[in-house]
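Novice:
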Amino acid sequence: MKKDSRYASAGVDIDAKAAALERAKGAIRSTFTPGVLGDVGGFGGLFRPDLTPYREPVLVASTDGVGTKLKVAIQTGRHDSCGADLVNHCVNDILVQGARPLFFLDYIAAGRILPDVLGKVIEGVARGCRENETALLGGETAEMPGFYGEGEYDLAGTIVGVVDREKIVDGSRIAAGDVVVGLPSAGLHTNGYSLARRVFFEQMDRRPEDRLRELGGQTIADALLAPHLSYLRAVSPLLARDLVHGMAHITGGGFYDNIPRVLPERLEVQVKAGSWPVPPVFDVIAQEGGVSFEEMHRVFNMGVGMVLFIAPAELGEAAKSWSEAGQRWYAIGNVRAGQRRVVIEPAPAPPRS
Numbered sequence: 004m005k006k007d008s009r010y011a012s013a014g015v016d017i018d019a020k021a022a023a024l025e026r027a028k029g030a031i032r033s034t035f036t037p038g039v040l041g042d043v044g045g046f047g048g049l050f051r052p053d054l055t056p057y058r059e060p061v062l063v064a065s066t067d068g069v070g071t072k073l074k075v076a077i078q079t080g081r082h083d084s085c086g087a088d089l090v091n092h093c094v095n096d097i098l099v100q101g102a103r104p105l106f107f108l109d110y111i112a113a114g115r116i117l118p119d120v121l122g123k124v125i126e127g128v129a130r131g132c133r134e135n136e137t138a139l140l141g142g143e144t145a146e147m148p149g150f151y152g153e154g155e156y157d158l159a160g161t162i163v164g165v166v167d168r169e170k171i172v173d174g175s176r177i178a179a180g181d182v183v184v185g186l187p188s189a190g191l192h193t194n195g196y197s198l199a200r201r202v203f204f205e206q207m208d209r210r211p212e213d214r215l216r217e218l219g220g221q222t223i224a225d226a227l228l229a230p231h232l233s234y235l236r237a238v239s240p241l242l243a244r245d246l247v248h249g250m251a252h253i254t255g256g257g258f259y260d261n262i263p264r265v266l267p268e269r270l271e272v273q274v275k276a277g278s279w280p281v282p283p284v285f286d287v288i289a290q291e292g293g294v295s296f297e298e299m300h301r302v303f304n305m306g307v308g309m310v311l312f313i314a315p316a317e318l319g320e321a322a323k324s325w326s327e328a329g330q331r332w333y334a335i336g337n338v339r340a341g342q343r344r345v346v347i348e349p350a351p352a353p354p355r356s
């Protein structure tokens with residue numbers, strides 16, 4: 004588009020968007036799986052799934068974003084990180100129902116399209132898709148001047164996966180006595196950033212590049228931009244063996260809101276704080292922000308990104324699978340009769356010297 008065009012003068016540069024998407028085509032194509040029909044740029048993405056392994060295939064879909072973690076990525080110029088976070092978040096959301104991903108659609112909106120930035124964002128999304136063996140089938144890139152601040156953008160995505168109807172994991176098999184297993188997170192993942200940013204950048208008056216002793220010498224940016232992990236590879240072998248009675252992705256709402264979503268009536272979960280290592284970023288937020296124990300476990304994942312419910316007799320088989328894969332895990336509690344809630348027991352205070 005010519006620079007003197009009315010549309011460009013209004014803030015929408017079609018040429019810049021086209022150039023950015025042209026540069027991203029290679030990354031997008033690198034995600035294509037055998038089910039993809041057609042190429043980049045169609046009005047709709049075409050996908051022909053191989054459903055032969057399924058007796059009664061059921062599609063599972065989810066949409067999510069990465070919240071104000073993007074603020075940190077934008078502030079630090081690290082635009083290639085949140086795209087993979089977005090994919091992993093969505094993969095985990097359908098994984099808890101036993102589904103494996105088929106394809107992904109992204110949505111990127113900005114006040115002004117910057118080709119280099121857009122390219123890095125899409126490359127991050129594509130990396131997440133490749134790592135989860137799901138196709139980046141299409142998406143939307145919207146330039147909306149006056150809607151976002153200078154340099155700001157938003158990112159969201161939709162994933163579609165498949166599970167055999169008889170293999171759907173809905174929590175109905177969870178029973179009293181089941182072991183509650185936690186798979187560790189890398190940090191905040193994609194939730195709680197509005198509070199975390201307030202604590203670090205307002206209350207502590209720090210900058211993203213500052214290194215903190217309390218973070219083990221890590222920069223604040225590195226701590227806050229730690230990746231949202233995908234648990235697909237860790238959980239899929241267990242699903243194939245019917246070892247999982249239920250799962251909860253610990254995102255916004257923490258333990259208190261996410262675990263009850265999969266609990267049957269008249270069952271509750273007892274979680275023992277201190278039974279897994281908590282990344283130091285959470286301790287800093289709690290101490291410097293004056294955030295209570297209960298609120299920390301309602302806002303953040305506290306170092307546990309995925310919770311699984313497994314029968315005690317089958318825990319050994321699950322542990323063997325994780326050991327072979329190099330996956331850490333922690334027995335963090337148990338299921339008992341109760342009121343469809345989560346009870347978190349604080350860790351015992353260390354002995355006084």
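For the sequence shown, our numbering begins at 4 and goes up steadily by one.
Heads up, the beta-carbon is just placed ideally off N, CA and C, and yes, glycines get one too.
(1) Is the separation between the beta-carbon of T193 and that of H231 shorter than 8 Å?
(2) Return the CA-CA distance between M4 and G68, expressed in angstroms with no decimal places.
(3) Should the stretch 294 to 310 be called in touch with the stretch 134 to 149, which here means at least 3 C-beta pairs below 8 Å?
(4) May I have the straight-line CA-CA distance separating A76 from D88, to the nearest angstrom?
(5) Counting pairs of beta carbons, one from the stretch 153 to 170 and one from the stretch 106 to 126, are three or more of them closer than 8 Å?
(6) Under three-state DSSP, which class holds A179?
(7) DSSP beta-bridge partners for Q273?
(8) Identify the residues that DSSP records as bridge partners of Y234: which are they?
(9) Check whether the stretch 58 to 66 touches the stretch 120 to 136, counting contact only when three or more Cβ pairs, one atom from each stretch, lie closer than 8 Å.
(10) Assess contact between the stretch 262 to 274 and the stretch 333 to 341, defined as three or more Cβ pairs (one per stretch) separated by less than 8 Å. Is contact present?
(11) For E268, tell me which candidate among G38, V247, D173 has the shortest Cα-Cα distance.
(12) From which residue to which residue does the beta strand (DSSP E) around P104 run?
(13) Given a cut-off of 8 Å, decide if A328 and V184 are closer than it, judged by their beta-carbon atoms.
(14) Quick check on S356: buried or exposed, where buried means 16 or more other Cβ atoms within 10 Å of its Cβ?
(15) Would you kindly report the start and end of the unbroken beta strand (DSSP E) that includes H252?
(16) Comparing the CB of I162 with every heavy atom of the ligand ZN, is any distance shorter than 7 Å?
(17) Go through its chain and collect everything with a Cβ distance to E212's Cβ below 7 Å, but skip five positions before and after it.
(18) Restricting to runs no shorter than 4 residues, where is the alpha helix (DSSP H) found entirely within the stretch 32 to 79?
(19) Between the stretch 319 to 326 and the stretch 158 to 171, are three or more C-beta pairs nearer than 8 Å?
(20) Could you pull out every residue in the same chain whose Cβ sits closer than 8 Å to the Cβ of K72, ignoring the five residues on either side in sequence?
(21) For P315, does the count of other Cβ atoms within 10 angstroms reach 16, so buried, or fall short, so exposed?
(22) Look up P118 in the DSSP assignment and say whether it is helix, strand or coil.
(23) Where does V281 fall in DSSP's three states?
(24) Helix, strand or coil for A13, going by three-state DSSP, please let me know.
(25) Starting from V94, follow the alpha helix (DSSP H) in both directions and report where the run begins and ends.
(26) Give the straight-line distance between the Cα atoms of R9 and H82, rounded to the nearest whole angstrom.
(27) Is the beta carbon of G219 less than 8 Å from the beta carbon of P283?
(28) Are I162 and F107 touching if we call contact CB-CB under 8 Å?
(29) With a threshold of 7 Å on Cβ separation, who are the neighbours of Q78 within its own chain once the five nearest residues in sequence on each side are excluded?
(30) So what's L241 in DSSP terms, helix, strand or just coil?
(31) Specify, as a first and last residue, the run of the alpha helix (DSSP H) that I223 falls within.
(32) DSSP three-state call for I171: helix, strand or coil?
(33) Just curious, the beta strand (DSSP E) that F258 is in, first and last residue?
(34) Let's test the definition: count the other Cβ atoms within 10 Å of the Cβ of G164 and tell me whether it reaches 16, buried, or not, exposed.
(35) When DSSP labels each residue in this structure, what does G329 get in the three-state scheme?
Specialist: This is what the structure gives:
(1) Residue 193 sits at position 190 when you count from the first residue of the sequence shown. Residue 231 sits at position 228 when you count from the first residue of the sequence shown. Yes, Cβ-Cβ distance for T193 and H231 is below 8 Å.
(2) Position 1 of the sequence shown, counted from the first residue, corresponds to residue 4. Position 65 of the sequence shown, counted from the first residue, corresponds to residue 68. Its pLDDT being 49, under 50, M4 is placed unreliably by the model, and nothing is read from it.
(3) Touching, no.
(4) Mapped onto the sequence shown, residue 76 falls at position 73. Mapped onto the sequence shown, residue 88 falls at position 85. Cα to Cα, the separation comes out at about 12 Å.
(5) Yes: the two stretches touch, three or more of their Cβ pairs being nearer than 8 Å.
(6) In the sequence shown, the residue the question calls residue 179 occupies position 176. Judged by DSSP in its simplified three-state form, A179 adopts coil rather than helix or strand.
(7) For this step, residue 273 is matched to residue 270 along the sequence shown. Residue pairing by DSSP puts Q273 in a beta bridge opposite N337, V346.
(8) Here the question's residue 234 lines up with position 231 in the sequence shown. Listed as beta-bridge partners of Y234 by DSSP are no residues whatsoever.
(9) When Cβ pairs closer than 8 Å are counted between the two stretches, the stretch 58 to 66 is seen not to touch the stretch 120 to 136, the count staying below three.
(10) The stretch 262 to 274 is in contact with the stretch 333 to 341.
(11) Along the sequence shown, read from residue 1 onward, the residue named residue 268 stands at position 265. Checked all of G38, V247, D173; the closest Cα to E268 is D173.
(12) Locating residue 104 in the sequence shown gives position 101, counting from the first residue. In the DSSP annotation of this structure, the continuous segment of the beta strand (DSSP E) that includes P104 starts and ends at 103 to 113.
(13) Counted from its first residue, the sequence shown places residue 184 at position 181. Counted from its first residue, the sequence shown places residue 328 at position 325. In this structure, A328 does not lie closer than 8 Å to V184 by Cβ.
(14) The residue given as residue 356 occupies position 353 in the sequence shown. No answer about S356 holds up, because its pLDDT of 47 lies below 50 and its placement is not dependable.
(15) On the sequence shown, residue 252 is found 249 positions in, with the first residue counted as 1. Start and end: 249 to 252.
(16) No copy of the ligand ZN appears in this structure; indeed no ligand is present at all.
(17) Position 209 of the sequence shown, counting from 1, holds the residue named residue 212. Once the five neighbours on either side are set aside, the close Cβ partners of E212 are T222, A224.
(18) Counting only runs of 4 or more residues that sit fully inside the stretch 32 to 79, the alpha helix (DSSP H) segments are 72 to 79, in chain order.
(19) Taking 8 Å as the limit for Cβ pairs, the verdict is that the stretch 158 to 171 does not touch the stretch 319 to 326.
(20) Here the question's residue 72 lines up with position 69 in the sequence shown. Close CB contacts of K72 within its chain, under the 8 Å cut and outside five residues either way in sequence, are with C85, D88, L191, T193, Y196, L227, L228 (chain order).
(21) Translated into positions along the sequence shown, residue 315 becomes position 312. Burial state of P315 is exposed, judged by a 10 Å Cβ sphere holding fewer than 16 other Cβ atoms.
(22) Within the sequence shown, the letter at position 115 stands for residue 118. It is helical.
(23) To locate residue 281, count along the sequence shown from 1; it is residue 278. In this structure, V281 counts as coil in the three-state DSSP scheme.
(24) Residue 13 sits at position 10 when you count from the first residue of the sequence shown. Reduced to three states, the DSSP call for A13 is coil.
(25) Residue 94 sits at position 91 when you count from the first residue of the sequence shown. Unbroken alpha helix (DSSP H) run through V94: 85 to 98.
(26) Taking the sequence shown and counting its residues from 1, one reaches residue 9 at position 6. Taking the sequence shown and counting its residues from 1, one reaches residue 82 at position 79. Cα to Cα, R9 sits roughly 30 Å from H82.
(27) The residue labelled residue 219 in the question sits at position 216 within the sequence shown. The residue labelled residue 283 in the question sits at position 280 within the sequence shown. Against a cut-off of 8 Å, the Cβ pair of P283 and G219 comes out as a contact.
(28) By one-based count along the sequence shown, residue 162 stands at place 159. By one-based count along the sequence shown, residue 107 stands at place 104. Pairing I162 with F107 gives a Cβ-Cβ distance under 8 Å.
(29) Residue mapping note: residue 78 aligns to position 75 of the sequence shown, counting from 1. Excluding sequence neighbours, Q78 sits near P211.
(30) Numbered from its first residue, the sequence shown carries residue 241 at position 238. Reduced to three states, the DSSP call for L241 is helix.
(31) Here residue 223 corresponds to residue number 220 of the sequence shown, with the count starting at 1. Counting along the chain, the alpha helix (DSSP H) containing I223 begins and ends at 223 to 227.
(32) In the sequence shown, the residue the question calls residue 171 occupies position 168. For I171, the secondary structure class from DSSP, reduced to helix, strand or coil, is coil.
(33) Here residue 258 is taken as the residue at index 255 of the sequence shown, counted from 1. Note, F258: premise wrong, no beta strand (DSSP E); alpha helix (DSSP H) at 257 to 261.
(34) Along the sequence shown, one-based indexing puts residue 164 at 161. Flag for G164 reads buried.
(35) As a first step, residue 329 must be located in the sequence shown, where it is residue number 326. The answer is coil: DSSP assigns G329 none of H, G, I, E or B.
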